[in-house]
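Engineer:
Protein chains in written order, with our numbering: chain A, 1 to 52; chain B, 1001 to 1727.
#1: Cα separation between residue 1560/B and residue 1603/B?
#2: Under a three-way DSSP split, which group does residue 1549/B fall into?
#3: Give, in chain order, every residue of the stretch 1670-1700 of chain B whose Cβ lies closer than 8 Å to some Cβ of chain A.
#4: Any beta-carbon of chain B closer than 8 Å to the one on residue 11/A?
#5: For residue 1535/B, I'd like the list of residues in its chain whose CB is within less than 7 Å of its CB, leaving aside the five on either flank, ordered along the chain.
#6: Mind pulling the chain A residues with CB within less than 7 Å of residue 1045/B?
#7: Determine the contact status of residue 1121/B and residue 1213/B, defining contact as a CB-CB distance below 8 Å.
#8: Could you name the residues of chain B that residue 32/A contacts, counting a contact when the two beta carbons are closer than 7 Å?
#9: Measuring alpha carbon to alpha carbon, tell me which residue in 1281/B, 1302/B, 1328/B, 1074/B is nearest residue 1311/B.
#10: Just how far apart, CA to CA, sit residue 1434/B and residue 1673/B?
#11: With distance defined between alpha-carbon atoms, name the residue in 1123/B, 1687/B, 1037/B nearest to residue 1070/B.
#12: Consider the Cβ of residue 19/A: report whether some Cβ of chain B lies at a distance smaller than 8 Å.
#13: Are the C-beta atoms of residue 26/A and some chain B residue less than 8 Å apart?
#14: Can you check the stretch 1595-1634 of chain B for any alpha helix (DSSP H) of at least 4 residues that lies completely inside it and give the ranges in chain order?
#15: Taking only runs that begin and end inside the stretch 1068-1154 of chain B, name each unbroken beta strand (DSSP E) of 3 or more residues, in chain order.
#16: Reducing DSSP to helix, strand and coil, say where residue 1166/B ends up.
#17: Mind pulling the beta strand (DSSP E) runs of 3 or more residues that sit fully within the stretch 1540-1594 of chain B?
#18: Under three-state DSSP, which class holds residue 1496/B?
#19: With a cut-off of 8 Å, does the C-beta of residue 23/A fall near any C-beta of chain B?
#20: Taking Cβ positions, are residue 1087/B and residue 1051/B nearer each other than 8 Å?
#21: In chain order, what residues of the stretch 1587-1600 of chain B put their CB closer than 9 Å to some CB of chain A?
#22: Using Cβ-Cβ distances below 8 Å, what residues of the stretch 1058-1083 of chain B are close to chain A?
#23: List, in chain order, every chain A residue whose beta-carbon is nearer than 7 Å to that of residue 1042/B.
#24: Taking all protein chains shown into account, decide if residue 1475/B is buried (16 or more other Cβ within 10 angstroms of its Cβ) or exposed.
#25: What are the residues that DSSP puts in a beta bridge with residue 1444/B?
#26: Among residues of its own chain, excluding the 5 on either side of residue 1437/B, which ones have a beta-carbon nearer than 6 Å to its beta-carbon?
#27: Which ranges does the alpha helix (DSSP H) cover as unbroken runs of at least 4 residues, wholly within the stretch 1647-1688 of chain B, from first to last along the chain?
#28: By the criterion of Cβ-Cβ separation under 8 Å, what are the contact partners of residue 1317/B in chain A?
#29: What's the C-alpha gap between residue 1171/B and residue 1275/B?
#30: Return the residue from the list 1601/B, 1081/B, 1325/B that minimises the CA-CA distance to residue 1447/B.
#31: Going by C-alpha to C-alpha distance, which of 1077/B, 1591/B, 1710/B sits closest to residue 1136/B?
#32: Using CA atoms only, rank isn't needed, just tell me which of 1628/B, 1148/B, 1661/B is closest to residue 1209/B.
#33: Which residue spans inside the stretch 1033-1064 of chain B form an unbroken beta strand (DSSP E) run of at least 3?
#34: Whole angstroms are fine: how far does the CA of residue 14/A sit from the CA of residue 4/A?
#35: For a cutoff of 8 Å on Cβ pairs, would you count residue 1223/B as touching chain A?
#36: Could you tell me whether any Cβ in chain B is nearer than 8 Å to the Cβ of residue 6/A?
Next comes the structure, spelled out in structure tokens:
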């Protein structure tokens, strides 16, 4: 049972990391165009070098 | 394609002040936003962005495929009209959107806010559920208490933060002395967390933290879906509004001044340039010209006006400059009277109660009564055990809480409007789909709705090539719609314009020039020395003694018009054609499309009255129209659709905007709306079925947190899946 002392904070921390990642994605406007982002990856425009 | 951009935003082209404003905006190098109704794939993104980056002055262009828009950062030299033309050339239809993005960022922020609360609730739900699984599977004594405490530590702050949208809305509805859906929701959230906290302190067996948090999560999901579909439609529709700046050029003692229309008074003289829209009602005092009344009356034939003729606000001056004495401006003008008609009709439409509202009205009181009944019943039964009674009452509240109900409508509407959006239909109103499902009569307008509203010359190959060459040379010199269309058609045929000299436009008459020493004319019948025909036509006099040649024009049918009418008729709908145009073209159109019931030369009030009488006879009318003469009818109909090329007022008055040129999606939308309504009803049925099973269990005091969690998740998921079948 002592394991719980480590495991519960660990699971909360991992979940919290997920939440932080989600909030970061939200702030950097990554949910504005889900459809476009899905399609964009198919285009070959900037395969050779990154978009300036 | 340039014709499309003209019709897409007639005011932008027509009103010089609007152009000036657009130019001023571009100078500030602020963003230009264009709507791209036909973009749908990865190739479209690359095409559009590459083409726009090639335009000098464009610094960046980014397509948002979800919203079907492109935002452009550009300097003053890249005007929106130019960008639209460039996109038109590579085959993408584009409309300028009002870049007054203030409201959009506002909606963006609210959407992000909801999404953030949803994320937090989701995170809390996962963790609390993990802990609950341990409790359900038999954790005891100290372990159980520990888990309950940790759950409380996660759930309580989460509920305070994520539940805010419900608490505020419940508070507003309570202040207004109403019982909305949010009152039982808030009550369930507060009561269940309070009782759970009490149980935790007392070391009790059951805590509902998991149920409270997942309730919050599912409800937020429904709220977010609802919000998203509405916001997307609303912001796009708002932005579609053309730049229509009510200004006029007043002729004063000190010369011409541009003033807002509100400052004009009856008796003032205003100057109206060719291509501009009449700002006021008035009487022509100087000049001669032709005016296009199609947006007001549906007539396709330009009307000739000179001194003494009456003109109305909203008409477009085509060829010559006019001086107009104001008879009515602003509030009193005919344009404004039409807007008043719309306002009256709108207020009638707002009385529609959606399925969800009707459901909520029956639902909230019964939920409260059930919980109260459970509380009193168990108080009596247990001889005054408050703890047990409150426990059971909150279990009842949680289980009956409209999780599935709150998801039932938004999930279906989101799925349906998403599918319609991909087909080029923008649902502006939340209940539009439901109303569309009830429609049994469809009323079409002709000009600009069933047709493109841009006349095209027909049977050009019947004319001799030299005549065509002269016509091409003359037509190229004028901005008159018939000339512009003739010139474009001849250019497409590869006709080289004949060399002409002294090319000049005679206002209100036509074009005149000299060719091979002879005077040649293209214009009105009597001016070119021809017998006027009963059709839209322009006449060519080659000056060689032969009778003048007539170039006949016909309005083109919109693509998909035939298919739309045929499908609607096949679906058993009663189709009616009402037009302000003359009898011959209307009868012709009705015959082509197979519409049995039609009326020509209908005035705007008559259109609205006809729709009202159909409604009075028990019909549910879908009105499809684009002109100012349709607005009152659009607003008065049960549900209405207008094309994106329609006048601002018409788009505002209608519930659904057709973004592309094709009419076929209308029939599809009618069919989809029926399916959507069936799904909504099925979803209500599903969640009611869950409740009829779960509520007795809760009332008997047998509901454990496990049962509450199962019932809630299972019903929410079934409802969402059922809605997704629509996609």
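Don't be surprised by glycine CBs; every beta carbon is placed ideally from N, CA and C.
Structural biologist: Taking the geometry as given:
#1: Computed Cα separation, rounded: 27 Å.
#2: If DSSP states are grouped into helix, strand and coil, residue 1549/B belongs with the strands.
#3: Those residues of the stretch 1670-1700 of chain B that come within reach of chain A (Cβ to Cβ, closer than 8 Å) do not exist; the list is empty.
#4: Chain B has a Cβ within less than 8 Å of the Cβ of residue 11/A.
#5: Closer than 7 Å at the Cβ level, and outside the excluded window around residue 1535/B, lie 1552.
#6: 36, 39, 40, 43, listed in chain order.
#7: The answer is yes: Cβ separation under 8 Å.
#8: Correct list: 1064.
#9: When only C-alpha atoms are compared, the closest one is 1281/B.
#10: Going by the C-alpha atoms only, they are around 6 Å apart.
#11: Closest in alpha carbon position to residue 1070/B, among 1123/B, 1687/B, 1037/B, is 1037/B.
#12: Output row for residue 19/A: interface = yes.
#13: True, the Cβ-Cβ gap to chain B drops below 8 Å.
#14: List check, alpha helix (DSSP H) in window: 1604-1616.
#15: Counting only runs of 3 or more, we get 1069-1074, 1095-1097.
#16: In this structure, DSSP gives residue 1166/B a helical state, which the three-state scheme calls helix.
#17: Listed in chain order, they are 1549-1557, 1574-1578.
#18: Here residue 1496/B sits in coil by DSSP.
#19: Yes, because at least one Cβ of chain B sits closer than 8 Å to the Cβ of residue 23/A.
#20: Cβ atoms of residue 1087/B and residue 1051/B: closer than 8 Å.
#21: Only those residues of the stretch 1587-1600 of chain B whose C-beta falls short of 9 Å from the nearest C-beta of chain A would be listed, and there are none.
#22: Cβ contacts with chain A: 1063, 1064, 1065, 1066, 1067.
#23: Taking a Cβ-Cβ threshold of 7 Å, the residues of chain A close to residue 1042/B are 39, 40, 42, 43, in chain order.
#24: Buried.
#25: 1577/B, 1624/B.
#26: 1673, 1674, 1677, listed in sequence order.
#27: 1648-1653, all fully within the stretch 1647-1688 of chain B.
#28: By Cβ distance, chain A contributes nothing, its closest Cβ being about 42 Å from residue 1317/B, past 8 Å.
#29: Answer to the nearest angstrom: the Cα atoms are 54 Å apart.
#30: Ranking the options by Cα distance to residue 1447/B, first place goes to 1601/B.
#31: The shortest Cα separation from residue 1136/B among 1077/B, 1591/B, 1710/B belongs to 1710/B.
#32: Distances from the CA of residue 1209/B to each of 1628/B, 1148/B, 1661/B were compared; the closest alpha carbon is that of 1148/B.
#33: With a minimum length of 3 residues, the unbroken runs of beta strand (DSSP E) contained wholly in the stretch 1033-1064 of chain B fall at 1058-1064.
#34: C-alpha separation (whole angstroms): 15 Å.
#35: Taking 8 Å as the threshold, the shortest C-beta distance from residue 1223/B to chain A does not fall below it.
#36: So, not an interface residue.
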